[in-house]
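Take a look at the structure set out below.
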Amino acid sequence: MKIFRILLLALFCSTGALHAQVLTGIATRWNDSFGEWIIYTGEEGKEGELRLRWAMQDNWTEWQYRLGESTGTIKLKWREDLNEWEARGDNQIASARTVWRDNFREWRITDGKNTLTLSSRYGNIWDEWTIRNSSAGPFEMYTNFEGDPRDWVVIDELDPSIPLTTKLLMMHVVLFQSTPKQ
1169 MKIFRILLLA LFCSTGALHA QVLTGIATRW NDSFGEWIIY TGEEGKEGEL RLRWAMQDNW
1229 TEWQYRLGES TGTIKLKWRE DLNEWEARGD NQIASARTVW RDNFREWRIT DGKNTLTLSS
1289 RYGNIWDEWT IRNSSAGPFE MYTNFEGDPR DWVVIDELDP SIPLTTKLLM MHVVLFQSTP
1349 KQ
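Heads up, the sequence shown is in my numbering, so the first residue is 1169 and it goes up one at a time.
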């Protein structure tokens, strides 16, 4: 019985750690491609990746991520409709949908418990994104160098209850909208 309690405690602590993961940045793995990214966290030496699932087919509609023990996918909800994305991983599902159809500057992100509105800070400049009116705390992304979408700084002060899947979906929306597809 004591071993069972210890295992249960370890499982609870590791699950909490997944939800409390703080993201600090994301950068392209290669200078000439936007299909593979390195995810940086607040923990020393703990990096992840976000990459095209079908890179050889030049298919930008499906991605996969890995961060520590967390893995998942991000893909278009409906074929040929760039207005809605869905992320699945760690028994979590999050979705992102444009607030106004074909207006890719403002997104509604939801995971069933939390709803966040992610938008480009300045309508015609894609270098800076933030969530607004959120009781979950601040989340911002901006390019490390103005006009260079290969390297992003992430300010992630969201409540620990926001799942990693939701955070990675927000990052993906920003990257997909702000980078060339090559």
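From the three backbone atoms N, C-alpha and C, an ideal C-beta is built for every residue, glycine too.
None of the values given here were measured: they were computed from a predicted structure.
With a 10 Å radius around its C-beta and 16 neighbouring C-beta atoms as the bar for buried, classify residue i as buried or exposed.
i       : result
Lys1335 : buried
Cys1181 : Because Cys1181 carries a pLDDT of 43, less than 50, the predicted location of this residue cannot be relied on, and the following value inherits that uncertainty. Burial call: exposed.
Leu1175 : Only weak support is given to the placement of Leu1175: the predicted model assigns it a pLDDT of 40, under 50, and the value that follows is read from those uncertain coordinates. By the 10 Å Cβ count, Leu1175 comes out exposed.
Thr1239 : exposed
Trp1253 : buried
Asp1362 : In the structure as shown, the chain begins at 1169 and stops at 1350. Residue 1362 is therefore absent and cannot be evaluated.
Asp1327 : exposed
Grab me the residues of residue i's own chain with a C-beta within less than 8 Å of its C-beta, minus the 5 sequence neighbours each way, in chain order.
i       : result
Arg1221 : Asn1227, Glu1230, Trp1231, Gln1232, Thr1241, Lys1243
Ser1288 : Arg1273, Glu1274, Trp1294, Glu1296, Trp1297, Gln1345
Trp1205 : Ile1194, Ala1195, Thr1196, Arg1197, Glu1217, Leu1218, Arg1219, Leu1343
Nearest to residue i by alpha carbon, out of the options?
i       : options                            : result
Thr1283 : Asp1295, Arg1269, Arg1289, Ser1263 : Ser1263
Met1309 : Ile1299, Val1322, Pro1317          : Val1322
Met1224 : Asn1301, Gly1203, Gly1210          : Gly1203
Asn1292 : Arg1300, Asp1279, Asn1271, Thr1285 : Asn1271
Asp1258 : Thr1333, Leu1343, Thr1266, Arg1219 : Thr1333
Val1342 : Leu1218, Glu1325, Ser1238, Asp1279 : Leu1218
Arg1265 : Lys1281, Asp1200, Thr1285, Arg1247 : Thr1285
From the DSSP secondary-structure annotation, give me the bridge partner or partners of residue i.
i       : result
Ala1262 : Ala1255
Asn1227 : Trp1222
Please go through the same chain and pick out, in chain order, the residues whose beta-carbon is closer than 7 Å to the beta-carbon of residue i, but skip the five residues on each side of it.
i       : result
Thr1347 : Phe1202, Pro1317
Asp1132 : This structure gives no information on residue 1132, because the portion of the chain shown stretches from 1169 to 1350.
Gly1193 : Tyr1208, Trp1320, Val1321, Val1322
Ala1178 : With a pLDDT of only 43 at Ala1178, under 50, the local geometry of the prediction cannot be trusted, and no value is derived from it.
Which residues in the same chain as residue i place their Cβ atom closer than 6 Å to its Cβ, once the five residues preceding and following it in sequence are excluded?
i       : result
Ile1171 : Summary for Ile1171: the model assigns pLDDT 45, below 50, so the residue's position carries little reliability, and this model does not support an answer.
Arg1352 : In the structure displayed, the chain extends from 1169 to 1350; residue 1352 sits before or after that span and is not available.
### Task
For the segment 1296-1324, list the beta strand (DSSP E) runs that are entirely contained and at least 3 residues long, ordered along the chain.
1307-1313, 1316-1324
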